[in-house]
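Heads up, the thing below is written out as structure tokens.
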Amino acid sequence: MDRHAVEGTTPEALAKAHQADVHCQAKYGCKCFTYWFDEQRQSIFCLVEAPSRQAVQDMHRAAHGMLANQIIEVDGANVASFLGRLTDPEGADREPIREPAFRAIMFTDMANSTDVTNRIGDRAAFALLQTHHTIIRQALVAHGGREVDHAGDGFLSCFSSVAAALDCAIAIQKAFHTYNSEAGREVPIHVRIGLGAGEPVADGDALFGSTINLTARICARSQPDQILAAPVIRDLCVGKLYKFIAQGRVKLKGIPDAMHLHEVAWQ
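To convert, count from 1 in the sequence shown and add 554; that's this note's numbering.
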């Protein structure tokens with residue numbers, strides 16, 4: 555996948571550039587699958603199968619002259635999980651694509667899961683974990699989230715909009731609050747949630763690498779029943795009906811500079 559920083563281009567111009575790539579791709583041993591265009595941020599992301607990074611640049615140079623600013627190797631399954639497709643949208647032949655690749659990222663983590671297992675035993679803990687998974691997945695389906703990965707009691711998910719990620723995070727905390735409040739619940743479930751957002755090709759060589767790393771650190775910093783968000787989440791929700799509580803500058807493990815985090819009010 556490559557990233558182009560553009561200025562002043564249009565969806566129509568990019569559709570023609572994409573077709574120009576397709577027209578000459580065979581000469582350079584490449585296959586162009588699709589692209590994403592973020593008109594607001596003026597950035598393009600192309601998904602190309604190629605023998606080398608140089609072949610991609612040579613193809614772009616011959617087709618339209620717009621060289622990539624960065625190229626990373628990606629796994630097709632990861633692209634589909636994060637971005638929802640590997641080819642041009644159905645019926646989009648020669649039609650402009652206006653879909654951005656910018657995604658909101660959510661990490662959830664079940665708090666004190668090891669202590670719970672030690673207290674109630676493996677069998678009961680497994681049943682509790684299945685309840686946890688069901689509540690998370692129901693919220694993802696309801697709010698258009700994509701489950702990218704999960705390990706144990708942690709979920710990595712993505713959303714096409716920050717608002718959808720916020721709505722889902724709030725729904726998750728409310729669902730667990732309702733579950734814990736029901737009569738006869740001897741073992742409550744408490745989760746931590748971290749939210750971030752970014753583009754697929756940024757600093758580094760992994761798909762959404764820097765955004766995933768930051769969001770995981772934010773989740774680890776959050777408290778049980780809390781939603782913590784990166785500054786970009788709050789910035790993209792100015793004027794919307796979400797309440798953010800400033801947490802001040804916070805030092806996160808593995809992140810060089812302290813960052814202003816914001817708690818999302820949900821109660």
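For glycine and all other residues, C-beta sits at the position ideal for the given N, C-alpha and C.
Close-in-space but distant-in-sequence residues of the same chain around residue i (CB under 6 Å, 5 per side omitted)
i, result
"residue 580", "none"
"residue 803", "812 and 814"
"residue 773", "661, 663, 746 and 748"
"residue 624", "557 and 755"
"residue 642", "588"
"residue 697", "718, 721 and 722"
"residue 824", "The structure shown does not extend to residue 824, since the chain is modelled only from 555 to 821, so the question has no answer here."
"residue 709", "662 and 690"
Rounded straight-line distance, which links the Cα of residue j to that of residue i
i, j, result
"residue 742", "residue 662", "16 Å"
"residue 699", "residue 562", "31 Å"
"residue 567", "residue 782", "39 Å"
"residue 715", "residue 596", "17 Å"
"residue 609", "residue 582", "6 Å"
"residue 613", "residue 556", "12 Å"
"residue 807", "residue 765", "14 Å"
"residue 675", "residue 669", "10 Å"
"residue 636", "residue 691", "16 Å"
"residue 758", "residue 810", "15 Å"
"residue 550", "residue 753", "Lying outside 555 to 821, the shown extent of the chain, residue 550 is not represented and no answer is given."
"residue 599", "residue 732", "41 Å"
"residue 513", "residue 654", "The structure shown does not extend to residue 513, since the chain is modelled only from 555 through 821, so no value can be given for it."
"residue 569", "residue 626", "22 Å"
"residue 592", "residue 763", "19 Å"
"residue 629", "residue 704", "17 Å"
"residue 652", "residue 590", "7 Å"
"residue 573", "residue 650", "10 Å"
"residue 511", "residue 594", "The chain is shown from 555 up to 821; residue 511 falls before or after that span and cannot be answered."
"residue 816", "residue 798", "6 Å"
Outcome for residue i when other beta-carbon atoms lying within 10 angstroms are tallied against a minimum of 16
i, result
"residue 800", "exposed"
"residue 737", "exposed"
"residue 768", "buried"
"residue 821", "exposed"
"residue 680", "exposed"
"residue 735", "exposed"
"residue 602", "buried"
"residue 541", "Nothing can be reported for residue 541, as the shown portion of the chain is limited to 555 through 821."
"residue 640", "exposed"
"residue 693", "buried"
"residue 818", "buried"
Beta-bridge partners of residue i, as assigned by DSSP
i, result
"residue 585", "603"
"residue 598", "558 and 591"
"residue 750", "659"
"residue 707", "In DSSP, residue 707 forms no bridge with anything."
"residue 816", "783 and 800"
"residue 745", "664"
"residue 701", "711"
"residue 624", "557"
Cutoff 8 Å; reference residue i; Cβ partners in own chain excluding five residues on either side
i, result
"residue 638", "700 and 714"
"residue 744", "664, 665, 666, 730, 734, 778 and 779"
"residue 751", "656, 657, 658, 659, 716, 719, 765, 784, 786, 787 and 790"
"residue 571", "617, 618 and 620"
"residue 726", "662, 689, 690, 693, 745 and 747"
Other residues of its chain near residue i: CB distance less than 7 Å, five sequence neighbours each side excluded
i, result
"residue 776", "746, 747, 748 and 782"
"residue 707", "663, 664, 667, 683 and 686"
"residue 584", "602, 603, 604, 609, 610 and 613"
"residue 771", "806, 807, 808 and 809"
"residue 615", "621"
Limits of the unbroken alpha helix (DSSP H) element including residue i
i, result
"residue 833", "This structure cannot speak to residue 833, because the chain is shown only from 555 to 821."
"residue 763", "763-775"
"residue 787", "785-789"
"residue 682", "676-696"
"residue 720", "716-735"
"residue 632", "630-637"
Test: residue i CB closer than 7 Å to a CB of chain C
i, result
"residue 618", "Checking the listed chains, one finds no chain C in this structure; it contains a single protein chain."
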